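Remarks on the structure that follows.
Numbering (the numbering used here), first residue to last: 23 to 297.
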């Protein structure tokens, strides 16, 4: 493991400069990909709605088809019943899949609009939509158990979406990376309000860390690096938690880590009245 805050030698400065350029290039690449993705979602949404409506018509038409065949055709009842059951099951399953994809795209657009224009936001709405969007991650969708515990009627947060949403994404993604090699993969996200602050707790059952306090504080340095487990392909620029701390700072937001027997707890606190 190694981390660095500011370069101390010319060689370190060169490395720091190259990593900064690499991060900027990656940001630029993601920016135009995001622009294309928005257009793609817009163009996909219409056909998805048409497919969904067509499937609803087909499902309703099965009853008429069944009644017609029974009254006009001599057929094996057992074979016909089996065929109709398979058709209903497949059409219903496909309709549910289409509805799930359409909902994920709508949730993505909600997150996009909140991040683009939001000057204050409803935390529970963002967490709900964001965790649904994360279902696009196959590891999260198929292997991670999500426990979402959201306290109702939380106060609005006066923090731009462009600042808070990247923070939430970094923290969720870090939890997923930590659970890659874990036997039990459960992510608990809890929201609550107390003492003039809104708090979000992220609890994962990942590998955690047995490092000392210096290592934990080093997580927030720019260009922090920690070797991934053998065989893992996750890559990052080392700006994640450094960016989290800087994005929260103007709004009084704080973040801290707590070790647990199984995994790690990350506590995010944001003052309600800080503007």
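Using N, Cα and C, we set each Cβ at its ideal position, and we do this for glycine too.
Just so we're clear, the structure is a prediction, and the values are computed from it rather than from any experiment.
| Candidates 211, 216, 126: closest to residue 224 by CA position | With distances taken between Cα atoms, residue 224 lies closest to 211.
| message | With a threshold of 6 angstroms on Cβ separation, who are the neighbours of residue 289 within its own chain once the five nearest residues in sequence on each side are excluded? | response | 223, 278.
| Do residue 199 and residue 292 come within 8 angstroms of each other at the CB atom, strictly closer than that value? | Taking a C-beta distance under 8 angstroms as the contact criterion, residue 292 and residue 199 do not qualify as a contact pair.
| query | What's the gap between the Cα of residue 55 and the Cα of residue 136? | reply | So the two alpha carbons sit approximately 19 angstroms from each other.
| query | Is residue 154 buried or exposed, if buried means 16 or more other CB atoms sit within 10 Å of its CB? | reply | Classification of residue 154: buried, given that the 10 Å Cβ count is 16 or more.
| query | Between which two residues does the alpha helix (DSSP H) harbouring residue 278 extend? | reply | Counting along the chain, residue 278 falls outside any alpha helix (DSSP H), though it belongs to the beta strand (DSSP E) covering 276–281.
| query | From residue 181 to residue 187, what does the alpha carbon distance come to, in whole angstroms? | reply | Rounded to the nearest angstrom, the two C-alpha atoms are 10 angstroms apart.
| request: For residue 295, count neighbouring C-beta atoms within 10 Å of its own C-beta (all shown protein chains included) and say buried if the count is 16 or more, exposed if not. | output: Label assigned to residue 295: exposed.
| said: If distances are taken between C-alpha atoms only, which option among 104, 73, 146, 207 comes closest to residue 119? | reply: Looking at the Cα atoms, 73 is the closest of the given residues.
| message | By the three-class DSSP mapping on this structure, what secondary structure does residue 267 have? | response | Looking at residue 267 - three-state DSSP - the assignment turns out to be helix.
| request: Answer with buried or exposed for residue 226, where buried requires no fewer than 16 other C-beta atoms within 10 angstroms of its C-beta. | output: By the 10 Å Cβ count, residue 226 comes out buried.
| Residue from 191, 167, 183, 215 whose Cα sits closest to the Cα of residue 206 | The option with the nearest alpha carbon to residue 206 is 167.
| field | Per DSSP, the bridge partner or partners of residue 354 | value | No answer is possible for residue 354: the residues shown for the chain start at 23 and end at 297.
| What do you reckon, are the CB atoms on residue 77 and residue 115 nearer than 8 angstroms? | Cβ distance not < 8 angstroms, so residue 77 and residue 115 don't count as in contact.
| How should residue 196 be labelled, buried or exposed, when 16 other C-beta atoms within 10 angstroms of its C-beta is the threshold for buried? | Buried, since its Cβ has 16 or more Cβ neighbours within 10 Å.
| message | For a test of the three-state rule: what should DSSP assign to residue 21, helix, strand or coil? | response | For the chain, the structure presents residues 23 to 297; residue 21 sits outside this window and is missing.
| task | State the beta-bridge partners of residue 88 as determined by DSSP. | result | DSSP, once it has assigned bridges, lists no residue as partnering residue 88.
| query | Looking at residue 176 and residue 215, is the spacing between their C-beta atoms short of 8 angstroms? | reply | Yes.
| field | Rounded Cβ spacing between residue 152 and residue 190 (contact assumed at less than 8 angstroms) | value | With 8 angstroms as the limit, residue 152 and residue 190 qualify as a contact, their Cβ atoms being about 6 angstroms apart.
| query | In whole angstroms, what separates the C-alpha of residue 41 from that of residue 79? | reply | Computed Cα separation, rounded: 55 angstroms.
| Start and end residues, alpha helix (DSSP H) containing residue 180 | It is not in any alpha helix (DSSP H) - residue 180 carries neither H nor E in the DSSP assignment.
| Pair within 8 angstroms by beta-carbon distance, residue 126 and residue 157 | Yes.
| task | Could you please give me the residues that DSSP links to residue 286 through a beta bridge? | result | Note: residue 286 is bridge-paired with 226, 281 in the DSSP secondary-structure output.
| request: Taking residue 113 as part of the alpha helix (DSSP H), name the residues at either end of that continuous run. | output: Start and end: 99–139.
| said: Only counting the same chain, and skipping five residues up and downstream in sequence, which positions put a Cβ closer than 7 angstroms to that of residue 144? | reply: Closer than 7 angstroms at Cβ, skipping near neighbours: 178.
| message | Here's the rule: buried if 16 or more other CB atoms are within 10 angstroms of the residue's CB, otherwise exposed. What is residue 217? | response | When all chains shown are included, residue 217 counts as exposed.
| query | Whose C-beta lies closer than 6 angstroms to the C-beta of residue 284 among residues of the same chain, with five residues either side of it excluded? | reply | Closer than 6 angstroms at the Cβ level, and outside the excluded window around residue 284, lie 227.
| query | Are residue 149 and residue 93 touching if we call contact CB-CB under 8 angstroms? | reply | Not in contact: residue 149 and residue 93 (Cβ atoms no closer than 8 angstroms).
| Do residue 192 and residue 263 have their CB atoms nearer than 8 angstroms? | Contact check for residue 192 against residue 263 passes: the beta carbons are separated by less than 8 angstroms.
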